[in-house]
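Residue numbers (my numbering), protein chains in the order written: chain A, 1 to 280; chain B, 281 to 577.
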């Protein structure tokens, strides 16, 4: 696009770049400060005037957070919960999404609407009965209890369905003529074609379960089962005004894995958010 | 038996049920039953130890209507929603408009603005809590240089809610921005070219082309953000825990405390959940119908 250098455009351009510059600083500064703070000695975190980078650096905050709370266990639990539920959700969501997108069967519209209606009910409304239910099933405070309720979601089905709908028509007819059964068609032909959709949904699910707070907080009263978000939130609740260094170190540990993923798969992170906003 | 299942796989109209069965069972077990359970428990006297469990009629709902703390939580939730959502959408829209191009600077800005979306609210809460601390925080230290002294943000009853709102907007504006960038990139450039030929200024183009073309995206952001903000919990839990003086206690925070700390009153907490559900359904049904339901074809 050609830009006309009118006075108005120049002023607007200046305002735009100055504001964006300030906003970049506003977003980056706290994150940089957080990472720097995790490596400061506690004395310099508490000293006045505060500094951004400090002069003495140490890993002591990291060793102290591992000594104060079972960070290793939290990390392990978070990985098992988020990867486990993401893998299962991808599998079951794409099975169902495929059926709703490509197969004809009786009651299809009714069932699809029924599934979408469950999406209208937020988790917060169901949390108490869900807690009791998993308690009675004997899976409260277990990985099964954490993962099973999250192994499918109406939103995931809805999202992956739209990817299957976009595939060319009659793709499966040729395979049926070749004698493949429906499972074969799905696994060998259709599922590999929606890889971008799977990646997008997978990242979306992984990010949400990694960062989820209320759900693991409620489903894991046992310290040994807590996830990073829940464990850190409880730690802060107990020691709000002490242990600043370890708090920062804990926060860093909890965000670094996703940030690394974000660097490599930025496209899918953004797509996962953007597709949740796209109307068909 | 195996043969019968095998036969199912050969007929598309039958295989479909096998495809959707696992999801249907899961959703029935972990969404439909809990939803019904919530309504039933809402009409019961029930605590977490099952020391009482009996039908209570509308008692819990009557209790809520007469509970000042419930109204306070509802008010806080409404304030949060009515202030945070417009702020997030206006910032998201302005930023999206500025960085929608494919230039390096735009892409770089988008990458940066999305970083807080990736971070957990627990980590973000820890970070801002210490950054804004009245004695050792960096932000009050900088503000002091500008003559603004003694600000304690999360600890100040007058400022706490504003601080929670600002922190949430900081974390989430990149989310709204990403949705709107996709919308803006989808607007035909011919509209803008025509406007330029007619001599319309950039500001006019923004108001007369960009905003009208984004109407449905903006509507979607508005409703989903509103629904999300009615469920606000994480940011409060990790920073103020509802304090000071209940000034930041939201509805979900109050429900959580009622059910899972003293008094462990599941019945009362559930009745408040049902009221929350009613508020959310009233807000969300129109958009769900428009956005998600399959079109008649």
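Every residue, glycine too, gets a C-beta built ideally from N, C-alpha and C.
Would residue 226 of chain A be called buried (16 or more neighbouring beta carbons within 10 Å of its own) or exposed?
Position 226 of the first chain holds residue 226 of chain A. The residue is buried, with at least 16 neighbouring Cβ atoms inside 10 Å.
Can you list, in chain order, the residues of its chain whose CB lies under 6 angstroms from that of residue 65 of chain A, leaving out five sequence neighbours each side?
Start at 1 with the first residue of the first chain, and residue 65 of chain A comes out as number 65. Result list for residue 65 of chain A: 71, 246, 249, 250, in chain order.
For residue 556 of chain B and chain A, any beta-carbon pair shorter than 9 angstroms?
Residue mapping note: residue 556 of chain B aligns to position 276 of the second chain, counting from 1. Yes, residue 556 of chain B counts as interfacial toward chain A.
Closer than 7 angstroms by C-beta to residue 258 of chain A: which residues in its own chain qualify, once you throw out the five before and the five after it? Chain order, please.
Taking the first chain and counting its residues from 1, one reaches residue 258 of chain A at position 258. Same-chain partners within the cutoff: 207, 210.
Quick test of your reading: residue 460 of chain B and residue 497 of chain B, contact by CB under 8 angstroms. State the CB separation rounded to the nearest angstrom.
Taking the first residue of the second chain as 1, we reach residue 460 of chain B at position 180. Taking the first residue of the second chain as 1, we reach residue 497 of chain B at position 217. Confirmed, Cβ separation roughly 6 angstroms.
Which runs of the alpha helix (DSSP H), 4 residues or longer, sit entirely within the segment 42 to 115 of chain A?
Listed in chain order, they are 42 to 46, 60 to 68, 71 to 102.
At which residues does the alpha helix (DSSP H) containing residue 35 of chain A begin and terminate?
For the purposes of this step, residue 35 of chain A is taken as the residue at position 35 of the first chain. It spans 7 to 38 - the alpha helix (DSSP H) in which residue 35 of chain A sits, taken as one unbroken run.
Buried or exposed, going by whether 16 or more other CB atoms sit within 10 Å of the CB of residue 101 of chain A?
Position 101 of the first chain, counted from the start, is the residue given in the question as residue 101 of chain A. The residue is buried, with at least 16 neighbouring Cβ atoms inside 10 Å.
Closer than 7 angstroms between beta carbons: that is the criterion. Which residues of the segment 224 to 239 of chain A meet it against chain B?
Residues 229, 232, 233, 236, 237.
Check whether the segment 520 to 527 of chain B and the segment 368 to 378 of chain B are in contact - that is, three or more C-beta pairs closer than 8 angstroms.
Too few Cβ pairs lie closer than 8 angstroms, so no.
Starting from residue 159 of chain A, trace the alpha helix (DSSP H) both ways and give me its first and last residue.
Within the first chain, the letter at position 159 stands for residue 159 of chain A. 154 to 165 is the extent of the alpha helix (DSSP H) around residue 159 of chain A.
Going by beta carbon distance, what residues of the same chain come within less than 7 angstroms of residue 551 of chain B, once the five residues before and after it are set aside?
Looking up residue 551 of chain B in the second chain gives position 271. Closer than 7 angstroms at the Cβ level, and outside the excluded window around residue 551 of chain B, lie 322, 340, 341, 344.
How is the alpha helix (DSSP H) around residue 360 of chain B delimited, first residue to last?
Walking along the second chain from the start, residue 360 of chain B turns up at place 80. Its alpha helix (DSSP H) spans residues 348 to 379.
If you reduce the DSSP assignment to three classes, tell me which class residue 173 of chain A lands in.
Working through the first chain from its first residue, we reach residue 173 of chain A at position 173. Note: residue 173 of chain A maps to helix in three-state DSSP.
Kindly list the residues whose CB is nearer than 7 angstroms to the CB of residue 454 of chain B, restricted to its own chain and excluding five residues on each side of it in sequence; keep chain order.
The count along the second chain starts at 1 and reaches residue 454 of chain B at position 174. Closer than 7 angstroms at the Cβ level, and outside the excluded window around residue 454 of chain B, lie 393, 394, 396, 397.
My output table needs one value for residue 529 of chain B: the three-state DSSP class, helix, strand or coil.
Within the second chain, the letter at position 249 stands for residue 529 of chain B. If DSSP states are grouped into helix, strand and coil, residue 529 of chain B belongs with coil.
Go through its chain and collect everything with a Cβ distance to residue 471 of chain B's Cβ below 6 angstroms, but skip five positions before and after it.
Mapped onto the second chain, residue 471 of chain B falls at position 191. Hits under 6 angstroms: 489.
Listing by chain order, which chain A residues have their CB less than 7 angstroms from the CB of residue 395 of chain B?
What you label residue 395 of chain B is simply residue 115 of the second chain in a count that begins at 1. Within 7 angstroms Cβ-Cβ: 27, 31.
When you compare each of B:389, B:513, B:464 to residue 289 of chain A by their alpha carbons, which one comes out closest?
The question about residue 289 of chain A has no answer, for chain A in this structure spans 1 to 280.
Taking the straight line between their C-alpha atoms, what separation do you get for residue 140 of chain A and residue 215 of chain A?
Residue numbering aside, residue 140 of chain A sits at position 140 when the first chain is read from its first letter. Residue numbering aside, residue 215 of chain A sits at position 215 when the first chain is read from its first letter. Each residue's Cα considered, the two are about 12 angstroms apart.
What residue range does the beta strand (DSSP E) around residue 333 of chain B cover?
If you number the second chain from 1, residue 333 of chain B lands on position 53. Start and end: 333 to 335.
What is the rounded straight-line gap between the Cα of residue 301 of chain B and the Cα of residue 96 of chain A?
As a position in the second chain, residue 301 of chain B is number 21, starting the count at 1. As a position in the first chain, residue 96 of chain A is number 96, starting the count at 1. C-alpha separation (whole angstroms): 8 angstroms.
Can you list, in chain order, the stretches of the beta strand (DSSP E) that have 3 or more residues and sit fully within the segment 217 to 244 of chain A?
Runs of the beta strand (DSSP E) inside the segment 217 to 244 of chain A: none found.
Taking only beta-carbon atoms, is residue 331 of chain B less than 9 angstroms away from chain A?
Numbered from its first residue, the second chain carries residue 331 of chain B at position 51. So no, residue 331 of chain B is outside the interface.
Quickly, what does DSSP pair residue 324 of chain B with across the bridge? List them, please.
Position 44 of the second chain, counted from the start, is the residue given in the question as residue 324 of chain B. DSSP lists B:335 as partners of residue 324 of chain B.
Give the DSSP-derived three-state secondary structure of residue 1 of chain A in the structure shown.
Stepping through the first chain from its first residue, residue 1 of chain A is reached at position 1. Annotation note: pLDDT 47 at residue 1 of chain A (below 50); position unreliable, no value reported.
Please check the pair residue 160 of chain A and residue 197 of chain A, which I expect to be a contact at CB under 8 angstroms, by giving their CB distance rounded to whole angstroms.
Mapped onto the first chain, residue 160 of chain A falls at position 160. Mapped onto the first chain, residue 197 of chain A falls at position 197. Residue 160 of chain A to residue 197 of chain A, Cβ: 5 angstroms. Contact.
Return the chain-ordered list of same chain residues with a C-beta closer than 7 angstroms to the C-beta of residue 108 of chain A, the five sequence neighbours on each side being excluded.
As a first step, residue 108 of chain A must be located in the first chain, where it is residue number 108. 100, listed in sequence order.
Closer than 9 angstroms between beta carbons: that is the criterion. Which residues of the segment 473 to 491 of chain B meet it against chain A?
So the close ones are 473, 476, 481, 482, 483.
Measure the beta-carbon distance from residue 324 of chain B to residue 333 of chain B and round it to whole angstroms, keeping in mind my assumption that it falls under 8 angstroms.
Counting from 1 along the second chain, the entry for residue 324 of chain B is found at position 44. Counting from 1 along the second chain, the entry for residue 333 of chain B is found at position 53. Going by Cβ atoms, the distance from residue 324 of chain B to residue 333 of chain B rounds to 6 angstroms, so yes, they are a contact pair.
Residue 439 of chain B and residue 360 of chain B: beta carbons closer than 9 angstroms?
One-based indexing of the second chain puts residue 439 of chain B at position 159. One-based indexing of the second chain puts residue 360 of chain B at position 80. Cβ atoms of residue 439 of chain B and residue 360 of chain B: not closer than 9 angstroms.
Can you give the Cα-Cα distance for residue 232 of chain A and residue 326 of chain B, rounded to whole angstroms?
Reading the first chain from its first residue, position 232 is the one you call residue 232 of chain A. Reading the second chain from its first residue, position 46 is the one you call residue 326 of chain B. Spanning the two alpha carbons is a distance of roughly 30 angstroms.
Using the Cβ count rule (16 or more neighbours within 10 Å means buried), how would you classify residue 545 of chain B?
Here residue 545 of chain B corresponds to residue number 265 of the second chain, with the count starting at 1. It is buried - the Cβ of residue 545 of chain B has at least 16 other Cβ atoms within 10 Å.
According to DSSP, simplified to helix, strand and coil, what is residue 181 of chain A?
Within the first chain, the letter at position 181 stands for residue 181 of chain A. Looking at residue 181 of chain A - three-state DSSP - the assignment turns out to be coil, as it is neither helix nor strand.
Rounded to the nearest angstrom, what separates residue 418 of chain B and residue 29 of chain A at their Cα positions?
Along the second chain, one-based indexing puts residue 418 of chain B at 138. Along the first chain, one-based indexing puts residue 29 of chain A at 29. C-alpha separation (whole angstroms): 11 angstroms.
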